[in-house]
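What follows is a single structure, written as structure tokens, with notes after it.
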Amino acid sequence: MTNLITEIESGRDINTLSNSEMIKLSKDIRELLVEIVHANGDAGHLASSLGAVEITLALHRIFKTPGDKILWDVGHQAYVHKILTGRLDRMSTLRQEGGLSGFPDRRESDHDAFGVGHAGTALSASTGYVLGRDLQKQDYSVVAVVGDGALTAGMSFEALNHLGDIGGNVIVILNDNEMSISPNVGAMNRNVNRMRVSPAYRDFKIELKKFVTQLPAGDRLWDEWRRLKRVPRELVVQSGFWDHLGFDYYGPIDGHDIEILESTLKSVKHFTGKPVLIHALTRKGYGVEEAEADPVKSHSGTYWLKSPTSPENKKRTYSEVFGDSIGKICETNEKVVVITPAMLEGSGLTNLKKQFPNRVIDVGIAEQHAVTTAAGLAASGMKPVVAIYSTFLQRGFDSVIHDVVVQKLPVIFAIDRAGLVGEDGRTHQGFADISYLRCLPDMIVAAPSDDEELSALLNLATDHDGPFAIRYPRGAAVTEISGLTNRSLDIGKGTVLRSGSDLALIGIGSVIPDCLEVAEEFAKRNLSVAVVNARFAKPLDSELITQIAKETKGVITVEDNSLIGGFGEGVLSLLSELRMGEKFLGAIGIPDMIVEHGTQSQQRKICKIDTEGIFEQVERFIM
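For the sequence shown, our numbering assigns the number 90 to the initial residue and increments by one for each residue that follows.
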């Protein structure tokens, strides 16, 4: 740890630092960020935080939290904010069980004005703060730090429209690094790009320099003018979009120049009656050569410092299995098109995009739009696949109902990161998708137990004339569980993986390997336990479940979804309708709680859906 960081931790006000010291502090912080992320197993949102160092320092020089409110959109960029607000000594615990969250968290610090994990929330939350402040006649500044990728979120547009309408006294910093996780797409991004590279601005600046430098002391005047970046860009840059929304626009400015950032923030801090937007140009991964060279890889780790990959880590992930499998389908079915909301890399679609550039469509951070676009594609005669994380599909739920289900359109939902996701924690857990999809008429809901089953389900979904959801977990794909010898499956049909006469574990998805281990352990105790791979949460294999219930003393369901509204409740309802409710001994799944960050294995242990926890609960049910 460097001296300057230590001094800040011990209470030295960053306002006492000179400009040269601030530059050194920026460098020291970047070194610390790399060290922290690497020490945590190369898990953490590195590139975003590297790109926001100067913005964060300038904000904390001009505004005083927790009195003033700084709201971070997404929160990937908030690590420096944590360092500056009394959490330096705990940064080594970042994203670890019992440690600091990887995102702003109101429970963690009063300096975190709003908890966040999903993009597109900061502007709406800022609107709420502005309204609440003014209604209560309070006096504090509200600042929203928003990435250019987050501006593709529909809620961001709604908030901008509202803020401009009410003339809300808020400062919006557009942290423009041209990326979300994947490179940004869309007309908004093109508009921002026009502001970056406007020939009108460049020509104006050239002519202005010629004029100013011919004046007495012109060279000194120009240098000062350039330092402050007070050239009235808004007169010549295409910033009309912001004007029409009712914002005062300032920029573009260098988002890595602390002096310029500070002078701009000072100028607008006390503006009233009109929201202000400061357009700051940054580079994701700035200040670390390797991170700048590949901001996608460095988004969530220090890839250049990773130790040689172990054989275990070389296993294909479910995301990769999906990408490979849907790629094979695309080769034979020209109707198939894949849509993703800014998650090309995370969803395993990078290679497919290269192979079929016109049939892999990235809509940006716009989940609701992604779903309805898929509905339109289906209505046009195409076969759309929405590749999306479980936690993000929640944001498109209205579109799933209104645009897909009501019209019974053949849209396939490939739901990655279902269940417990690990270090991203409470905002990213995919614990509810079975619950909120199972209630929808005509929706097929399935979960594979291994890689072959995922491929088979995708083939099945492609041939189905209606909505079809396939959920699968984060991480390495399981192999050789399903026993599939080909990729032919029937909708609503499960299979018996292990016979038994005393008890049956009916599982779905990622918990199947644990169920098999539990059955093996009970066999050592002379208890015969059957294991059923249900495959489908909807429709249920009523024939198989009924048969298993009759042949055993009772059934217990196991899932990595919420117990409320989940697979277990569906099985209980089925058996109750058949007057066999007494055969339902219990359900095992994610309890009624928000699961905190930690490793996936730690989270499964907490929820008692790992092998040990399932065994313990089964014992309790049958005692």
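Ideal placement from N, C-alpha and C gives every residue a C-beta, glycine not left out.
- D162 sits close to S245, with the two beta carbons spaced by under 9 Å.
- Of the residues G188, V357, Y525, the one whose Cα lies closest to the Cα of L148 is V357.
- Of all alpha-carbon atoms in G511, L220, T210, R222, the one lying nearest the alpha-carbon of G236 is that of T210.
- Per DSSP, the unbroken beta strand (DSSP E) holding V234 starts and ends at 231-236.
- H359 sits exposed, since fewer than 16 C-beta atoms from the chains shown fall within 10 Å of its C-beta.
- Straight-line spacing of the CA atoms in S538 and G416 works out to 21 Å.
- When C-beta atoms of the region 490-497 are compared with those of the region 623-633, fewer than three pairs fall below 8 Å, so the two segments do not count as touching.
- Judged by their CB atoms, L586 and I601 are nearer to each other than the 9 Å cut-off.
- When only Cα atoms are considered, D540 and V410 end up about 6 Å apart.
- Bounds of any beta strand (DSSP E) do not take in N258, whose DSSP letter is neither H nor E.
- Going by beta carbons, Y478 and G511 fall outside the 9 Å limit.
- Under the DSSP assignment, S651 falls in the beta strand (DSSP E) whose first and last residues are 644-651.
- Here the C-alpha atom of G217 lies approximately 21 Å from the C-alpha atom of E197.
- F704 carries a helical assignment under DSSP once its states are collapsed to helix, strand and coil.
- Measuring C-alpha to C-alpha distances from D603 to each of Q636, E701, V205, D383 identifies E701 as the nearest.
- Short of 7 Å from the beta carbon of R119, and not among the five residues preceding or following it, lie these beta carbons of its own chain, in chain order: L139, V142, G376, V377.
- If you draw a straight line from the Cα of G657 to the Cα of S190, it is about 31 Å long.
- Judged by DSSP in its simplified three-state form, Y525 adopts helix.
- If you look at L183, you'll find it isn't in any alpha helix (DSSP H); DSSP assigns it neither H nor E.
- Each residue's CA atom was taken as its position, placing V474 and H165 some 28 Å apart.
- Excluding the 5 residues flanking it on each side, A242 has same chain C-beta neighbours closer than 7 Å at A208, G209, I454, A455, in chain order.
- As for any alpha helix (DSSP H) of minimum length 4 sitting wholly inside the region 357-382, the runs are 378-382, ordered along the chain.
- Per DSSP, reduced to three states, the secondary structure at T516 is helical.
- Contact between G583 and S617 is ruled out by a C-beta separation of about 19 Å, above the 8 Å threshold.
- Burial check for I97: the Cβ neighbour count within 10 Å reaches 16 or more, so the residue is buried.
- V169 sits away from L183, with the two beta carbons spaced by 9 Å or more.
- Distances from the alpha-carbon of P341 to those of L263, I677, R176 put L263 closest.
- Judged by their CB atoms, L543 and Y407 are nearer to each other than the 9 Å cut-off.
- It is roughly 32 Å from the alpha-carbon of S215 to the alpha-carbon of I523.
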